[in-house]
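Peer 1:
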Amino acid sequence: MENRDCFLLSYVKYGDYDAVLHCFSKEKGYGSFFVKGIYSPKNKKKPYLFPLSRLKISLAIPNKDSSAISTVTKIDGIVPEYAVDDVRLSSVLFFVADFLNQILREESHFPQAFQEIEFFCKKIQDNNSGLYIILLFRFLRILGISPLFQNSKYLHSESGTFTDENSAQVFDEDISNIWKKLLIADDPYQEKLTRSERNLFLDSLIIYYQWHFNGFKVPNSLSVLRDIYS
837 MENRDCFLLS YVKYGDYDAV LHCFSKEKGY GSFFVKGIYS PKNKKKPYLF
887 PLSRLKISLA IPNKDSSAIS TVTKIDGIVP EYAVDDVRLS SVLFFVADFL
937 NQILREESHF PQAFQEIEFF CKKIQDNNSG LYIILLFRFL RILGISPLFQ
987 NSKYLHSESG TFTDENSAQV FDEDISNIWK KLLIADDPYQ EKLTRSERNL
1037 FLDSLIIYYQ WHFNGFKVPN SLSVLRDIYS
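Below, the structure written as structure tokens:
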């Protein structure tokens, strides 16, 4: 039996009442777990199936020679202080969970990543849902693929360096300046961006991840997020 403190990143319904959860735990990093009966009519734990829900789970660990995934024997949730019925906030949580489910899938014990998710979930309780862009930015440094600060005008996305020649329209001088500002900021979450700057900076972040994170794909939930914030 093992206990895990984890964030729910995604889940898939299995049969009529069961589900497979994909979580990122403080103890072991990314993991997939089978939970029985969570969709049954009398089960009161179904509300826990929400992106970035903080879960406390107990697991029955299969034999080392078995290919079966661990089964959840007990599941409890830590109720968030933010309102999950807020459409804007929900769209952000779905997007962030999609993003994390992709970039953390191969990660095992990674306490810095867990702490960053924990910090973000606390910050977003202040009803500042635009902070998801900063989370994406901060994970570049956590993953070791962040560009190095230089005084040249333009960020070159493919090389991850700053140059004096603009190689792509999205990385113009204004957006490159935002990158430089955040790279040297003590706390990037304190930096304020306008809606227009957020949208353009998000475009540049997605392009940067596509260059520097192998196999990165634009999360499907991004289109919903854009529609709600447009």
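Residues are numbered in the working numbering as their position in the sequence shown, beginning at 1, plus a constant of 836. Glycine residues also receive a C-beta, built at the ideal position from the N, C-alpha and C atoms.
Quick check: residue 784 and residue 1061, are their CB atoms within less than 8 angstroms of each other?
Peer 2: Here the chain comprises residues numbered 837 to 1066, so residue 784 is not present and cannot be evaluated.
Peer 1: Between the C-alpha atoms of residue 978 and residue 996, what's the straight-line distance to the nearest angstrom?
Peer 2: So the alpha carbons of these two residues sit roughly 15 angstroms apart.
Peer 1: With a floor of 4 residues, list each alpha helix (DSSP H) that falls wholly inside the segment 873 to 949, ordered by position along the chain.
Peer 2: Whole alpha helix (DSSP H) segments, 4+ residues: 923 to 939.
Peer 1: What are the residues that DSSP puts in a beta bridge with residue 842?
Peer 2: Note: residue 842 sits in a beta bridge opposite 861, 891.
Peer 1: Helix, strand or coil, according to DSSP, for residue 1037 in the structure here?
Peer 2: In this structure, residue 1037 counts as helix in the three-state DSSP scheme.
Peer 1: Secondary structure at residue 867, three-state DSSP: helix, strand or coil?
Peer 2: The answer is strand: DSSP assigns residue 867 an E or B state.
Peer 1: Quick check on the burial criterion: 16 or more other C-beta atoms within 10 angstroms. Buried or exposed for residue 1051?
Peer 2: Exposed.
Peer 1: Where do the ends of the beta strand (DSSP E) carrying residue 991 lie?
Peer 2: Residue 991 -> beta strand (DSSP E) spans 990 to 992.
Peer 1: Using a Cβ-Cβ cut-off of 6 angstroms (strictly less than) and excluding sequence neighbours within five positions of residue 1045, which residues of its own chain qualify?
Peer 2: Around residue 1045: 1052.
Peer 1: Can you check which of these residues, 846, 1056, 890, is closest to residue 940 by C-alpha distance?
Peer 2: Nearest option by C-alpha distance: 846.
Peer 1: Following the continuous alpha helix (DSSP H) through residue 998, name the residue where it begins and the one where it ends.
Peer 2: Where residue 998 is concerned, there is no enclosing alpha helix (DSSP H), although the beta strand (DSSP E) it sits in stretches over 997 to 999.
Peer 1: How should residue 1031 be labelled, buried or exposed, when 16 other C-beta atoms within 10 angstroms of its C-beta is the threshold for buried?
Peer 2: Exposed, since its Cβ has fewer than 16 Cβ neighbours within 10 Å.
Peer 1: Inspect the beta-carbon positions of residue 1055 and residue 934 and report whether they are closer than 8 angstroms.
Peer 2: It is a contact, given that the beta carbons lie within the stated cut-off.
Peer 1: Do residue 974 and residue 952 come within 8 angstroms of each other at the CB atom, strictly closer than that value?
Peer 2: It is a contact, given that the beta carbons lie within the stated cut-off.
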